[in-house]
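Notes follow the structure.
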Amino acid sequence: CWTRYTSDHQLVSCGGGGGGPPRVTYVPEALCEKESSIFAHYESGINFDKYDDILVDVSGSNPPTAIMGFEEAALCESLNRNVIKSGYKKPTPVQKHGIPIIAAGRDLMACAQTGSGKTAAFLLPILQQLMVDGVAASQFSEIQEPEVIIVAPTRELINQIYMEARKFAHGTCVRPVVVYGGISTGHTIREILKGCNVLCGTPGRLMDMIGRGKIGLSKLRYLVLDEADRMLDMGFEPAMRKLVASPGMPAKEDRQTLMFSATYPEDIQKLAADFLKKDYLFLAVGVVGGACSDVEQVVVQVTKFSKRDQLLEILKTTGSERTMVFVETKRQADFIATFLCQENVNTTSIHGDREQREREQALGDFRSGKCPVLVATSVAARGLDIKDVQHIVNFDLPNNIDEYVHRIGRTGRCGNTGRAVCFFDPEVDSNLARSLVKVLSGAQQEVPKWLEEAAFSAYGTTGFNPGGRTFASTDSRKGGSFQRDGASHLAAALSSGADDDEWE
Ligand SMILES: Nc1ncnc2c1ncn2[C@@H]1O[C@H](COP(=O)(O)OP(=O)(O)OP(=O)(O)O)[C@@H](O)[C@H]1O
1 CWTRYTSDHQ
11 LVSCGGGGGG
21 PPRVTYVPEA
31 LCEKESSIFA
41 HYESGINFDK
51 YDDILVDVSG
61 SNPPTAIMGF
71 EEAALCESLN
81 RNVIKSGYKK
91 PTPVQKHGIP
101 IIAAGRDLMA
111 CAQTGSGKTA
121 AFLLPILQQL
131 MVDGVAASQF
141 SEIQEPEVII
151 VAPTRELINQ
161 IYMEARKFAH
171 GTCVRPVVVY
181 GGISTGHTIR
191 EILKGCNVLC
201 GTPGRLMDMI
211 GRGKIGLSKL
221 RYLVLDEADR
231 MLDMGFEPAM
241 RKLVASPGMP
251 AKEDRQTLMF
261 SATYPEDIQK
271 LAADFLKKDY
281 LFLAVGVVGG
291 ACSDVEQVVV
301 QVTKFSKRDQ
311 LLEILKTTGS
321 ERTMVFVETK
331 RQADFIATFL
341 CQENVNTTSI
351 HGDREQRERE
361 QALGDFRSGK
371 CPVLVATSVA
381 ARGLDIKDVQ
391 HIVNFDLPNN
401 IDEYVHRIGR
411 TGRCGNTGRA
421 VCFFDPEVDS
431 NLARSLVKVL
441 SGAQQEVPKW
451 LEEAAFSAYG
461 TTGFNPGGRT
471 FASTDSRKGG
481 SFQRDGASHL
491 AAALSSGADD
501 DEWE
């Protein structure tokens, strides 16, 4: 029997009649155990120290004092060694504040710009606590009871988080395991049964493993939702509610729940509070939902007929520099990738209709530079941390501004700079004009006159204040100050087409 999420976000099953989807037999290649591979990293960029100038706001009662350096985190020797080998010299703001908050046992909803180190902000204090408590190296058992569950919306992202957990836990007794769809279930189960302290998973496969009785929840102490706003919107909210209601899952008072993202629509924040203890802390680094200011954003007016030629023009100037081209549908991804290959541009593509083997191959070829152009749907918009991505092209605009912020955040990471070109077709994109102007001005980017005009004519002038800076503090418990325009986020999620493939 099988259950899965359809492209329109419904959980369906075979109804007991068997005859489900074809059996997945893909087993990813074994990981390289060499330290040079485990700790491979890229250098932080010239703007890394500018992180210190970003305004930070922590709301909620009695927040602990921030740390200024990793030494103040009092990490145990092995963790400290791994932090050094990872090339981390100084914590980023979300780490300075997030690490002591988590170490103090508090629930947390944290918002910080793309590429600013949110993953280590939750992994380090969790691993530190497991080490302090002497969590035993788990051994073979028919049921594993992890202390930590981390969930993320896409397969590639959860795999990346797993790789980070494996890196920081290197040489310790803590064993992370990753589970996600598209790979052999038998392989997944075998990996779990070898021992599992930190379970990283996409919701579908995670619930499957819990349902099969391979994962018990009674020892769970930490539940982490990365890309939390995505994990709680229309697509995943039912799965998250099912997860926290699973037999054995400690009540929210008895576990620590941690949420991280670069964007937090207010309606999602309100909903997220259901999963958190009443006294959770809200950490905002910079403007909630703001774009990374290390990314130069350029908006180009196009027509649907001129886009392909304009893309080719751009790719002529980028040469072998790594470029991600975002499109809206899987069909469009195939179409544009084929077009670019025909034009002799080394291109690969990633989207939800490709087999997992192909998706991993595509990402590998892009990472290695074999294919410097990756055409992607929103499945690659969030979280992916790829060295030397210098350019983003939004060939099609997404249907909500948060997705745009995540997409352009694939460049300009960790203090490095990047460039994002966005094609704006007034025929189809005018509903995004106003929020685009806000994001551009919020990140001190030039706003083209024609776009400002499009924003005015699309929405009228009432309350439209593109230059108005709104500071971070937008904890919804304070009433919030970040004005979202147009339809609510939930409506935006609902309106996403049937070709939307972000649900794993
Ligand atoms: N303190 C640090 N010093 C140097 N590099 C760091 C530090 N913290 C994180 N990094 C590196 O910065 C990069 C971005 O980190 P990470 O992927 O955690 O960002 P993020 O905030 O989760 O981004 P996104 O919102 O896109 O998911 C990674 O390569 C990570 O190893």
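Take the sequence shown: its position 385, counting from 1, is numbered 385 in full-length UniProt numbering, and each next residue is one higher. Beta carbons are placed, not taken as given, at the ideal position from N, Cα and C, and that holds for glycine.
Look at the region 149–198 and you find these whole runs of alpha helix (DSSP H), each 4 residues long or longer: 155–168 and 185–193. Between the region 148–158 and the region 195–206 there are three or more C-beta pairs closer than 8 angstroms, enough to call the two in contact.
The DSSP-derived three-state label of M324 is strand. With a cut-off of 6 angstroms, the C-beta of D53 is classified as distant from ligand 1, since no heavy atom of the ligand falls inside that distance. Not one heavy atom of ligand 1 is found less than 6 angstroms from the C-beta of R166. In terms of Cβ geometry, F260 and K118 form a close pair [threshold 7 angstroms].
For A136, the three-state secondary structure derived from DSSP is coil. The residues I386 and K387, in chain order, have a CB closer than 8 angstroms to that of R367 in the same chain once the five nearest residues on each side in sequence are set aside. Ligand 1 approaches A262 closely enough that one of its heavy atoms is under 6 angstroms from the residue's Cβ. For Q310, the closest alpha carbon among the candidates D208, D396 and S441 is that of D396. For a cut-off of 8 angstroms, the C-beta gap from Q361 to G182 is around 12 angstroms, too long to register as a contact. For V437, the enclosing alpha helix (DSSP H) covers residues A433 to G442. I215 places its beta carbon less than 7 angstroms from that of Q144. Counting only unbroken stretches of 4 or more residues, the alpha helix (DSSP H) elements lying wholly within the region 6–86 are 35–38 and 77–85, in sequence order.
Counting the other CB atoms within 10 Å of its CB gives K167 a total of 16 or more, which places it among the buried residues. As computed with DSSP, A284 is found in a beta bridge with D57 and C111. Listed as beta-bridge partners of Q301 by DSSP are F424. One Cα belongs to M163, the other to V83, and the distance between them is close to 14 angstroms. Taking all protein chains in view, the Cβ of M68 is surrounded by fewer than 16 other Cβ atoms within 10 Å, so the residue is classified as exposed. Distances from the CA of V345 to each of L363, S306, T188 and T317 were compared; the closest alpha carbon is that of T317. Closest option to Q332, judged by alpha-carbon separation, among R322, L315, S320 and K307: K307. Boundaries of the alpha helix (DSSP H) harbouring T338: K330 to Q342, taken from the DSSP string. Here the C-alpha atom of V174 lies approximately 25 angstroms from the C-alpha atom of M240. With contacts defined as CB atoms closer than 7 angstroms, C414 and A284 fail to qualify as a contacting pair. Take the alpha-carbon of L55 and the one of L436: they are about 22 angstroms apart. With fewer than 16 other beta carbons inside 10 angstroms of its own, L31 counts as exposed.
Counting the other CB atoms within 10 Å of its CB gives L384 a total of 16 or more, which places it among the buried residues. At least one heavy atom of ligand 1 is found less than 6 angstroms from the C-beta of G383. Taking a C-beta distance under 7 angstroms as the contact criterion, K330 and D294 do not qualify as a contact pair. Taking G418 as reference, the option from E77, V373, K219 and E296 with the minimal CA-CA separation is E296.
Looking at the backbone, the Cα of I210 and that of A454 are separated by about 50 angstroms. The way I'd put it, the region 256–271 doesn't touch the region 35–43; fewer than three beta-carbon pairs between them come closer than 8 angstroms. Per the coordinates, the alpha-carbon of C341 lies some 41 angstroms from the alpha-carbon of K89. If you draw a straight line from the Cα of P426 to the Cα of H351, it is about 26 angstroms long. R221 sits close to R255, with the two beta carbons spaced by under 7 angstroms.
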